[in-house]
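Numbering (this note's numbering), first residue to last: -9 to 423. The beta-carbon is built from N, C-alpha and C at its ideal position, and this holds for glycine as well. Accompanying notes for the structure given below.
Rendered as structure tokens:
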């Protein structure tokens, strides 16, 4: 390889740094599913205030515990906006909150709750990593990356992330996209992506000549190379060019805006959901990692936590409503996790501190409704029988590894190249039905 060709190849490689070296020959067909969403409650949620309620006033300061189907939930109130830290002068904000009662009443036949998950950590970075990968140690890809590599290795934006731990370890490219970058990718010749066709950089005939020149240059480079890695890099670049027409299928939604100035974090999450579902519908995206922060409530826990949980539940409801409108609700599997949990008691500033035991929630395709696991009065995890999953003092503690073993199983990616490269050891528990 001469110096000139090396520099050309280097320039190509710089544009595809995150793309694994796979064999692509032509533009891929639209991906029709299944799809996967991982939503993380960043900062560590408190299951006591959601799906693992306690009546002891030392650990919870709401009045009642409600039930819906097999579930018990914290019967917290979101009717008084000021009490949960929102501006009472903007009452329309309440339309973008969902109570525990409303959520479980609507979704009792679609939700799987896993209580008493022992994350074995109180560290945010480690907890977020475990929630996304099933492993506390570094060096493992997220489930989203494994699923995207298994089902969409030939897609330019198979894995889309806007939040949380999203390492791919070379299995697939990680696309951190916003509406603006979606539009620029889908319309590379438009100077005004908000109004495609109004002001293109070049006439259609010139665009065709540019594409032809790109193809000829790439073919010429490829014909002169003999090293497999070099040829694969050029092929990957060629594949990204072929995706131009595929990306143009992406129909960008009008992004939702919320009232007032205290729902900005929720607005951002809802917009990401819109983009993710649009990517699913276009056949471009396989999996996504998204999240909502504000759960690290070391101060004023009750008000802050109830508010953020109400936002989170509204976002989950919004995901399913948006997916249903797109005709995709039966093709999506949702995993909802958090870094870890919050302690069973309050601190001196009416907050709650870090606690390794948490809960996880699953919904959608291949998920059987119901509830597994639990905690005692002190929020310590109950062990479960590995066969029946019933409480058993000599049984097994549920960990994030078990959750991810199950996600790999129900997704059918347990034998994929990525899963085999990054195995999850230990006894498997049939937690998801």
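Where does residue i fall in DSSP's three states?
i: residue 91; result: helix
i: residue 48; result: coil
i: residue 63; result: strand
i: residue 58; result: strand
i: residue 411; result: helix
i: residue 361; result: strand
i: residue 246; result: coil
i: residue 334; result: coil
i: residue 74; result: helix
i: residue 43; result: coil
i: residue 190; result: strand
i: residue 386; result: strand
i: residue 377; result: coil
i: residue 218; result: helix
i: residue 37; result: helix
For the alpha helix (DSSP H) containing residue i, list its first residue and its last residue.
i: residue 209; result: 194 to 214
i: residue 266; result: 254 to 271
i: residue 419; result: Residue 419 -> no alpha helix (DSSP H), and no H or E assigned at all.
i: residue 133; result: 133 to 142
Would you mind reading off the limits of the beta strand (DSSP E) that contains residue i?
i: residue 312; result: From DSSP, residue 312 is part of no beta strand (DSSP E) but of the alpha helix (DSSP H) over 291 to 315.
i: residue 83; result: Run containing residue 83: none; DSSP gives neither H nor E here.
i: residue 352; result: 347 to 354
i: residue 100; result: Here residue 100 belongs to no beta strand (DSSP E), and DSSP marks it neither H nor E.
i: residue 280; result: 277 to 282
i: residue 28; result: 25 to 31
i: residue 400; result: No beta strand (DSSP E) holds residue 400; the alpha helix (DSSP H) holding it covers 390 to 401.
i: residue 123; result: No beta strand (DSSP E) holds residue 123; the alpha helix (DSSP H) holding it covers 114 to 123.
i: residue 111; result: Here residue 111 belongs to no beta strand (DSSP E), and DSSP marks it neither H nor E.
i: residue 323; result: 322 to 328
i: residue 151; result: 149 to 151
So, for residue i: in the same chain, excluding its five sequence neighbours on each side, which residues have a beta-carbon less than 6 Å away from its beta-carbon?
i: residue 136; result: 403, 408 and 409
i: residue 295; result: 36, 39 and 287
i: residue 309; result: 263
i: residue 350; result: 104, 107, 327 and 393
i: residue 313; result: 267, 319 and 322
i: residue 166; result: 151
i: residue 59; result: 98
i: residue 316; result: 267 and 271
i: residue 120; result: 109, 126 and 390
i: residue 364; result: 105, 106 and 372
i: residue 423; result: 358
i: residue 401; result: 137
Beta-carbon within less than 8 Å of residue i's beta-carbon, same chain only, minus the 5 sequence neighbours each way: which residues are those?
i: residue 20; result: 236, 239, 272, 273 and 274
i: residue 414; result: 124, 125, 391, 394, 395 and 398
i: residue 53; result: 65
i: residue 45; result: 55
i: residue 289; result: 339, 340 and 341
i: residue 118; result: 30, 32, 154, 155 and 329
i: residue 48; result: 334, 335 and 336
The ligand HEM heavy atoms versus the CB of residue i: any closer than 7 Å?
i: residue 26; result: Within the structure as shown, the ligand HEM is missing, as the structure has no ligands at all.
Ordered along the chain, which non-local residues of its own chain (more than five positions away) have a Cβ less than 7 Å from that of residue i?
i: residue 336; result: 291 and 342
i: residue 428; result: Lying outside -9 to 423, the shown extent of the chain, residue 428 is not represented and no answer is given.
i: residue 140; result: 403, 406 and 408
i: residue 416; result: 391
i: residue 383; result: 373
i: residue 244; result: none
i: residue 88; result: 300, 303, 304 and 307
field: Any 3 or more C-beta pairs closer than 8 Å across the segment 87 to 101 and the segment 132 to 139
entry: no
Stretch pair the segment 241 to 252 + the segment 76 to 90: three plus CB contacts closer than 8 Å: yes
query: Are at least three pairs of beta-carbons, each pair with one atom in the segment 23 to 35 and one in the segment 62 to 76, less than 8 Å apart?
result: no
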